[in-house]
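Asker:
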Amino acid sequence: MTVLVTGGAGYIGGHMALALLDAGEEVVVLDNLSTGFRWAVPPEAKLVVGDFGDAALVDQIIAGHKIDAIAHFAAKIVVPESVADPLSYYLNNTAKARNLLECAVRNEVRHFIFSSTAAVYGEPSVNPVFETVPLAPINPYGRSKLMVEWMLQDVAAAHGLRFAALRYFNVAGADPQGRLGQSSPVATHLIKVAVQAALGHRAGLDVFGTDYPTKDGSCIRDYIQVTDLVDAHLLALRHLRAGGESLTCNCGYGRGLSVLEVIDVVKKVSGVDFEVRRKGRRAGDPASLVAGAERIRTELGWSPKHDDLNEIVRQALDWERRLHNRKA
Ligand code: UDP
Numbered sequence: 001m002t003v004l005v006t007g008g009a010g011y012i013g014g015h016m017a018l019a020l021l022d023a024g025e026e027v028v029v030l031d032n033l034s035t036g037f038r039w040a041v042p043p044e045a046k047l048v049v050g051d052f053g054d055a056a057l058v059d060q061i062i063a064g065h066k067i068d069a070i071a072h073f074a075a076k077i078v079v080p081e082s083v084a085d086p087l088s089y090y091l092n093n094t095a096k097a098r099n100l101l102e103c104a105v106r107n108e109v110r111h112f113i114f115s116s117t118a119a120v121y122g123e124p125s126v127n128p129v130f131e132t133v134p135l136a137p138i139n140p141y142g143r144s145k146l147m148v149e150w151m152l153q154d155v156a157a158a159h160g161l162r163f164a165a166l167r168y169f170n171v172a173g174a175d176p177q178g179r180l181g182q183s184s185p186v187a188t189h190l191i192k193v194a195v196q197a198a199l200g201h202r203a204g205l206d207v208f209g210t211d212y213p214t215k216d217g218s219c220i221r222d223y224i225q226v227t228d229l230v231d232a233h234l235l236a237l238r239h240l241r242a243g244g245e246s247l248t249c250n251c252g253y254g255r256g257l258s259v260l261e262v263i264d265v266v267k268k269v270s271g272v273d274f275e276v277r278r279k280g281r282r283a284g285d286p287a288s289l290v291a292g293a294e295r296i297r298t299e300l301g302w303s304p305k306h307d308d309l310n311e312i313v314r315q316a317l318d319w320e321r322r323l324h325n326r327k328a
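For the sequence shown, position 4 (counting from the first letter as 1) is numbered 4 according to UniProt numbering, and the numbering increases by one without interruption.
(1) Taking only the alpha-carbon atoms, compute the straight-line gap between residue 332 and ALA55 and give it to the nearest angstrom.
(2) Considering only residues of the same chain and omitting the five flanking positions on each side of ASN32, which have a CB-CB separation below 7 Å?
(3) What is the rounded straight-line gap between the Cα of ASP231 and the Cα of ILE67?
(4) Between GLU81 and GLN60, what straight-line distance do the alpha-carbon atoms span, to the nearest angstrom?
(5) Hey, how far is the Cα of ARG179 from the Cα of GLU149?
(6) Which same chain residues end up closer than 6 Å to PHE130 when comparing Cβ atoms and leaving out the 5 residues on each side of it in sequence?
(7) By alpha-carbon positions, which one of ARG321, THR214, PRO304 and VAL207 ends up nearest to ARG281?
(8) In angstroms with no decimal places, state the Cα-to-Cα distance between VAL265 and LEU247.
(9) Less than 7 Å between the CB of PHE208 and some heavy atom of the ligand UDP, yes or no?
(10) Taking the straight line between their C-alpha atoms, what separation do you get for VAL171 and HIS159?
(11) Beta carbon of PRO137, beta carbon of VAL120: below 8 Å?
(12) Rounded to the nearest angstrom, what separates GLU25 and MET1 at their Cα positions?
(13) Can you tell me whether PRO304 is buried or exposed? The criterion is at least 16 other CB atoms within 10 Å of its CB, across all chains shown.
(14) Under DSSP, the alpha helix (DSSP H) around THR6 begins and ends at which residues?
(15) Checking the sheet assignment: what are the DSSP bridge partners for PHE112?
(16) Return the bridge partner residues of ILE224 from the DSSP annotation.
(17) Of the residues HIS201, LEU100, ALA19 and GLU261, which one's Cα is nearest the Cα of ASN325?
(18) Compare the Cα-Cα distances from CYS251 to each of LYS215, LEU289 and VAL276 and report the closest residue.
(19) Taking 8 Å as the CB-CB cut-off, is GLY271 touching chain C?
(20) What is the DSSP secondary structure of ALA291, reduced to helix, strand or coil?
(21) Applying the 10 Å Cβ sphere with the 16-neighbour rule, what's the burial state of SER34?
(22) The beta strand (DSSP E) spanning LEU47 covers which residue range?
(23) Between HIS233, ALA283, ASP211 and ARG297, which has its C-alpha nearest SER258's C-alpha?
(24) Under the rule that 16 or more other beta-carbon atoms within 10 Å means buried, what is PRO128, buried or exposed?
(25) Looking at THR188 and the ligand UDP, is the gap between the Cβ and the nearest heavy atom below 7 Å?
(26) Is it buried or exposed, GLU245, if we count other Cβ atoms within 10 angstroms and call 16 or more buried?
(27) Just to confirm before moving on: does the CB-CB distance between ILE263 and VAL276 stay below 8 Å?
(28) Closer than 6 Å by C-beta to GLY53: which residues in its own chain qualify, once you throw out the five before and the five after it? Chain order, please.
(29) Between which two residues does the beta strand (DSSP E) carrying LEU30 extend?
(30) Taking 6 Å as the limit between beta carbons, can you name the residues of its chain near HIS306, skipping five residues before and five after?
(31) With H, G and I counted as helix, E and B as strand and the rest as coil, what does DSSP make of THR117?
(32) State yes or no: is the C-beta of ASN167 nearer than 7 Å to some heavy atom of the ligand UDP?
(33) Buried or exposed: which applies to SER183, given that a residue is buried once 16 or more other Cβ atoms fall within 10 Å of its Cβ?
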């Protein structure tokens, strides 16, 4: 059996392709290389360069390989960009996902793993936030992903497909073997930006908002290491293949860290005291998002191995150095 990984030339999809291959699976990556990289796709995987919303292409891939599962990572993921350009998020994340689901149904691909997001919760009234709370995303990114969760529920009920919707909290770090990491040239995510500041690849860092109702005024997030995250996907795939029910799970450690705390860890681990500028709030940011992290452990038996921000930052620093040398 072969797994189709959309967005497999990107950060999380690339780690998933590695993990699947490490587990002895066959992998076809479908990626339009808009933000991913050809070199990020492991040579043992087959890369098809194209758009996951291209139904004819997806039909052809499914027919040409024994695809029994789709792991759908390809998406736009930057909250402020979604606020500025919502329609591109509804096209890429929502409308094209609808086409992909139609292909899955038409070709009887029964297992679907979806990269969802904690942004579906919006500004939750309780933290940690559990899967059962009412969903109220506060930005187009979160809404564009929530609509796919709804489509999955409806398609599962109508057509017998089974899915795992995994709601990612803040993904960071890199492959512990140093094969891959977060490689986007336009970094917006906190740990990546902080690591670049520490290595002198950018001039310092802006903290977006220090007047939130949190312990130190900066936003609280739950940072999860990327190979721990893809392990959850492998478990979800195994669960679905074994006939398990569709499920929706938070992917986080259940531990909240503030932006200022993360910056301190990056300074400590790197040994560099880079400039930190306190700025106003960024559009679309909730104050706090911490995972209620029990369901994934009980339903899938997930047991993270890298729940340590020092280690996550060390991996991110190592990868950033490697990436910089590769470019130089
Ligand atoms: N953040 C920041 N400076 C940066 C990048 C991010 O202060 O250069 C903050 C951001 O406002 C949010 C937190 O870090 O409060 C996490 O943002 P990120 O973009 O990493 O992930 P998100 O939570 O938006 O998915």
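Note that the Cβ used here is the ideal one computed from N, Cα and C, for glycine as well. In this text the structure is predicted, and so the values were computed from the model without any measurement.
Answerer: Straight from the coordinates:
(1) For the chain, the structure presents residues 1 to 328; residue 332 sits outside this window and is missing.
(2) Locating residue 32 in the sequence shown gives position 32, counting from the first residue. Hits under 7 Å: VAL49, GLY50 and ASP51.
(3) Sequence index remark: in the sequence shown, residue 231 carries index 231 (1-based). Sequence index remark: in the sequence shown, residue 67 carries index 67 (1-based). Inter-residue distance for ASP231 and ILE67 is about 20 Å (C-alpha atoms, whole angstroms).
(4) What you label residue 81 is simply residue 81 of the sequence shown in a count that begins at 1. What you label residue 60 is simply residue 60 of the sequence shown in a count that begins at 1. Each residue's Cα considered, the two are about 32 Å apart.
(5) Locating residue 179 in the sequence shown gives position 179, where the first residue counts as 1. Locating residue 149 in the sequence shown gives position 149, where the first residue counts as 1. Looking at the two C-alpha atoms, the distance is approximately 31 Å.
(6) Taking the sequence shown and counting its residues from 1, one reaches residue 130 at position 130. Closer than 6 Å at the Cβ level, and outside the excluded window around PHE130, lie GLY292.
(7) To locate residue 281, count along the sequence shown from 1; it is residue 281. Comparing Cα-Cα distances from ARG281 to each of ARG321, THR214, PRO304 and VAL207, the minimum goes to VAL207.
(8) Numbered from 1 along the sequence shown, position 265 holds the residue referred to as residue 265. Numbered from 1 along the sequence shown, position 247 holds the residue referred to as residue 247. The C-alpha of VAL265 lies about 34 Å from the C-alpha of LEU247.
(9) Numbered from 1 along the sequence shown, position 208 holds the residue referred to as residue 208. The answer is yes for PHE208.
(10) Translated into positions along the sequence shown, residue 171 becomes position 171. Translated into positions along the sequence shown, residue 159 becomes position 159. Straight-line spacing of the CA atoms in VAL171 and HIS159 works out to 32 Å.
(11) Numbered from its first residue, the sequence shown carries residue 137 at position 137. Numbered from its first residue, the sequence shown carries residue 120 at position 120. Yes; because the gap between Cβ atoms is below 8 Å, this pair is in contact.
(12) The sequence position of residue 25 within the sequence shown is 25, counting from 1. The sequence position of residue 1 within the sequence shown is 1, counting from 1. Straight-line spacing of the CA atoms in GLU25 and MET1 works out to 7 Å.
(13) On the sequence shown, residue 304 is found 304 positions in, with the first residue counted as 1. Buried, by the Cβ-count rule.
(14) Position 6 of the sequence shown holds residue 6. Element bounds for THR6: not the alpha helix (DSSP H) but the beta strand (DSSP E), 2 to 6.
(15) Start at 1 with the first residue of the sequence shown, and residue 112 comes out as number 112. DSSP lists ILE70 and PHE163 as the bridge partner or partners of PHE112.
(16) As a position in the sequence shown, residue 224 is number 224, starting the count at 1. For ILE224, DSSP records a beta bridge to VAL171.
(17) Numbered from its first residue, the sequence shown carries residue 325 at position 325. Closest by C-alpha distance to ASN325, out of HIS201, LEU100, ALA19 and GLU261, is HIS201.
(18) For the purposes of this step, residue 251 is taken as residue 251 along the sequence shown, with counting starting at 1. Among LYS215, LEU289 and VAL276, the Cα nearest to that of CYS251 is on LEU289.
(19) The question asks about chain C, but that chain is absent: this structure has only one protein chain.
(20) For this step, residue 291 is matched to residue 291 along the sequence shown. In the three-state scheme derived from DSSP, where H, G and I count as helix and E and B as strand, ALA291 is classed as strand.
(21) Residue 34 sits at position 34 when you count from the first residue of the sequence shown. Its Cβ having fewer than 16 others within 10 Å, SER34 is exposed.
(22) Your numbering for residue 47 matches position 47 in the sequence shown. Taken as a continuous stretch (DSSP letters only), the beta strand (DSSP E) holding LEU47 covers 46 to 49.
(23) By 1-based counting over the sequence shown, the position of residue 258 is 258. The candidate whose alpha carbon is nearest that of SER258 is ASP211.
(24) Looking up residue 128 in the sequence shown gives position 128. Looking at its Cβ environment, which holds 16 or more other Cβ atoms inside 10 Å, PRO128 is buried.
(25) As a working note, residue 188 is residue 188 in the sequence shown. Yes - the ligand UDP has a heavy atom lying nearer than 7 Å to the Cβ of THR188.
(26) Within the sequence shown, residue 245 is the residue found at index 245, counting from 1. It is exposed - the Cβ of GLU245 has fewer than 16 other Cβ atoms within 10 Å.
(27) Translated into the one-based positions of the sequence shown, residue 263 becomes position 263. Translated into the one-based positions of the sequence shown, residue 276 becomes position 276. When the beta-carbon positions are compared, ILE263 and VAL276 come within less than 8 Å of each other.
(28) To locate residue 53, count along the sequence shown from 1; it is residue 53. In its chain, beyond the 5 residues on either side, LYS96 and ASN99 have a beta carbon closer than 6 Å to the beta carbon of GLY53.
(29) Taking the first residue of the sequence shown as position 1, residue 30 is located at position 30. That run of the beta strand (DSSP E) goes 26 to 31.
(30) Taking the sequence shown and counting its residues from 1, one reaches residue 306 at position 306. Closer than 6 Å at the Cβ level, and outside the excluded window around HIS306, lie GLN225 and ASP228.
(31) Counting from 1 along the sequence shown, the entry for residue 117 is found at position 117. When secondary structure is reduced to three states using DSSP, THR117 falls in the strand class.
(32) For the purposes of this step, residue 167 is identified with residue 167 of the sequence shown, where counting begins at 1. Checking the sequence, you will find Arg at residue 167 rather than Asn. Result no, Cβ not under 7 Å from the ligand UDP.
(33) Locating residue 183 in the sequence shown gives position 183, counting from the first residue. SER183 is buried by the Cβ-count criterion.
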